[in-house]
Amino acid sequence: MQQLSLFSIFSILTNKLLNKFYTTIYAKILLPMFYSDNLNTFVIDIGTETYKIGHAGTELPYIYSSSRRHTNDFISPVTHSLITNLDEYTNIIEENVFYKEKNCNNKEKAIIQTDSEDGVNENNQLLYENVNLLIAENTHESHKTKEKLLEKLMETKKYNSIIFQKSSTLDLFSIGKTTGIVISLSGGSTQVTSIVEGLIQNSKEYKMGGYNITQEYKNIINDIIPRGYTKEQFENIKNSNEQGFLLDEFYKEIKETTLSFDNSFYSYKNNKIEISASKLYSDIYDNIIKMVTEIIDESKIEDNLQILGNVFLCGGNKAKGLLEKLNTDLNNKFMNKIRITDEKTYSTFLGGSILGSLGTFKSLSISYKDYEEHGVSILKRKKLEHVLYSK
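Residues 1 to 391 in the numbering used here are what the sequence shown lists, from first letter to last.
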C-alpha cells in the first residue's frame, strides 16, 4: 500500500490554509503544529552574492550579508552558485552560528558561547550538543563537494547534526508545495527545476545571475558618484579592494531600483539618470523560456498538468515586469496552462525554516554519531529522500 510521505501530509495541510494571509497563518498555526523543541537549529543559505543565516521556525534570517570575504580579497566562496572555497564557506557558518553580539543583526537572539577553542571538553565530548545545521545546497552541487563539506564541519566537533537539502525544493516548500517548477534567479546562476512529490525530476542551469548583472551595471553607471563621496574619494574606493564590497552594494541598489526590460531612470541628487536596459538580462530571460520549455517537454505526461499549474518564481534577480512577461509568453506557448506565483523574498531560507521546524527533524539529520561510525559514506546511507518519500 502506498504511504503518504511526511511532506505530502504537510502539503495537504498547508494548501488548505494558504491564502493572502499566508504569513500570519504560517506563524500562528503551522509552526506551532510542527515546531521542534530544539531552538538551536540553524538554517544556512550561502550564495554567490549574499548569505542568509537564522533559526528554524522563524520567517526571516537574523543575518543577511555579502558573501564576499575580507580574508580572501573580497571574493565569494561561492561562484555561479557552486562552492569554490570550502574554508571560507565554513568560516561563514562558524562566525555566524557561534557569533558575538556585535556581529548579530538581531541582538535579541541567544548567544552560544564556550571557553574551548576546538569545541570539545577534556573528554573529547561535544560542547554544542544542541547545535544542528540545515544547509541549503545548490541543486547542481556535486556529491564530492558535499562529502568534503560534511567532513570539514563534522571534524570540528562543534555540530550535533547536519542535514542537506536542495535549494529548489526548499523554495517550493516555502509556499506549501511539493510539486511544481521552480524558476530561481539567484546571484550566481539562473535555474529551472521540476519537482514531483518533493523529488527533483529535472534541472537546467544558465551560469549567469545577479552578480553578472551587477558587474554590467558597473560599466553602465561608472560615472555616477554615490552620496556622501567626493569624486576623488570615489576614485580611491574604486581602486581599493578593501572598499570594493561597499561599492558593489551601491551598484546593487541601483540595479534593484532600475532593472527592467526597458530603459529606466535613477534619481541621484535631484537629477534623473537614464539607465539602459540590461542586455545580459535579456539573455537570461531568453534562457529561462528555453529551459522551461525543455523541462516541460522532457517531463512525464502524467506530471505535466501538476507542474504547469505550480510554477514558482523566486530569487533576488527579478526585473520589474518579469512575472507579467513570463506569464504572457509562457501561456502563449503552452495554451494558457501555466500558473506562475511570485511571493517570498527569502524563499530558500523560509523553506529551510519550515523543514528545520518539523518535530522529526533530528531523526532525518546526519548526527555526529552517524558520522563517527560511517564517515562521509553516511551521505549515501542516510539520504533525506529515503526517509521522507519511501513508498
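No residue lacks a Cβ here, since even glycine has one placed at the ideal position from N, Cα and C.
Where does residue i sit, in a helix, a strand or coil, going by DSSP?
i	result
serine 260	strand
phenylalanine 361	helix
asparagine 202	strand
tyrosine 64	strand
isoleucine 75	coil
serine 81	coil
glutamate 372	helix
threonine 58	coil
tyrosine 217	helix
isoleucine 232	Note that residue 232 corresponds to glutamate in the displayed sequence, not to isoleucine. If DSSP states are grouped into helix, strand and coil, glutamate 232 belongs with the helices.
threonine 345	coil
leucine 350	helix
asparagine 105	Model confidence at asparagine 105 stands at a pLDDT of 44, short of 50, so the residue's coordinates are unreliable; what they give is reported in the following sentence. Coil.
tyrosine 22	Residue placement at tyrosine 22 is poorly supported in this model, since its pLDDT is 46, which falls under 50; the coordinates still yield a value, given next. In this structure, tyrosine 22 counts as helix in the three-state DSSP scheme.
threonine 114	At threonine 114 the pLDDT is 38, less than 50, meaning the model places this residue with poor confidence; the figure from the coordinates comes in the next sentence. Correct three-state label for threonine 114: coil.
Can you pull the DSSP bridge partners for residue i?
i	result
glycine 180	Ile195
asparagine 317	Its beta-bridge partners do not exist; DSSP assigns none.
isoleucine 163	Leu134
phenylalanine 265	Glu274
isoleucine 254	For isoleucine 254, which the question treats as bridged, DSSP gives no partner whatsoever.
threonine 190	Leu185 and Tyr206
isoleucine 367	Residue identity check: residue 367 is serine in the sequence provided, not isoleucine. According to DSSP, which records beta bridges pairwise, serine 367 is partnered with Ser161.
Out of the options, which has the shortest C-alpha to C-alpha gap to residue i?
i	options	result
tyrosine 251	Leu280, Ser260, Ser264 and Tyr211	Tyr211
glutamate 43	Thr190, Ile284, Glu256 and Ala56	The sequence shown places valine at residue 43, not glutamate. The shortest Cα separation from valine 43 among Thr190, Ile284, Glu256 and Ala56 belongs to Ala56.
aspartate 262	Ile254, Glu253 and Glu274	Glu274
lysine 158	Gln165, Phe164 and Leu150	Leu150
phenylalanine 334	Gly176, Glu294 and Leu133	Glu294
aspartate 283	Thr348, Phe173 and Met208	Met208
proline 399	Ile135, Gly47, Asn132 and Ile162	Lying before the first or after the last residue shown, residue 399 is absent from the chain, which here runs from 1 to 391.
glycine 411	Glu216, Thr178 and Tyr206	The structure shown does not extend to residue 411, since the chain is modelled only from 1 through 391, so no value can be given for it.
leucine 280	Gly321, Leu364 and Thr214	Thr214
serine 276	Lys144, Asn287 and Leu259	Leu259
asparagine 407	Gly176, Tyr51 and Ser161	Outside the displayed span of the chain (1 to 391) sits residue 407, for which this structure offers no information.
isoleucine 296	Val196, Glu147, Ile378 and Gly356	Val196
serine 429	Thr348, Glu372, Thr190 and Lys320	The shown model of the chain, from 1 to 391, leaves out residue 429, and the question about it has no answer.
leucine 330	Phe349, Leu350, Asp286 and Gly316	Asp286
glutamate 216	Ile254, His374 and Ser184	Ile254
isoleucine 181	Ser189, Ser203, Phe164 and Ser161	Ser203
leucine 86	Glu147, Leu172, Lys166 and Asp342	Glu147
leucine 355	Leu134, Ser67, Thr90 and Gly54	Leu134
tyrosine 368	Ser299, Ser161 and Thr58	Ser161
serine 194	Leu313, Gln233, Gly351 and Glu373	Leu313
serine 81	Asn327, Ser186 and Leu305	Ser186
glutamate 59	Ser174, Glu88, Ile338 and Thr84	Ser174
asparagine 219	Leu170, Ser278 and Ile163	Ser278
Starting from residue i and walking both ways along the beta strand (DSSP E), at which residues does that stretch end?
i	result
valine 43	41 to 46
leucine 134	132 to 137
lysine 52	50 to 55
Between which two residues does the alpha helix (DSSP H) holding residue i run?
i	result
threonine 169	167 to 173
methionine 208	Neither: methionine 208 is in no alpha helix (DSSP H) and is coded neither H nor E.
glutamate 147	143 to 154
threonine 90	86 to 97
lysine 380	378 to 381
Would you verify that the beta carbon of residue i is, or is not, closer than 8 Å to some beta carbon of chain C?
i	result
lysine 320	The displayed structure is made up of one protein chain only, and chain C is not part of it.
What are the start and end residues of each continuous alpha helix (DSSP H) run of 4 or more residues lying completely inside the region 269 to 340, in chain order?
279 to 298, 301 to 308 and 322 to 333
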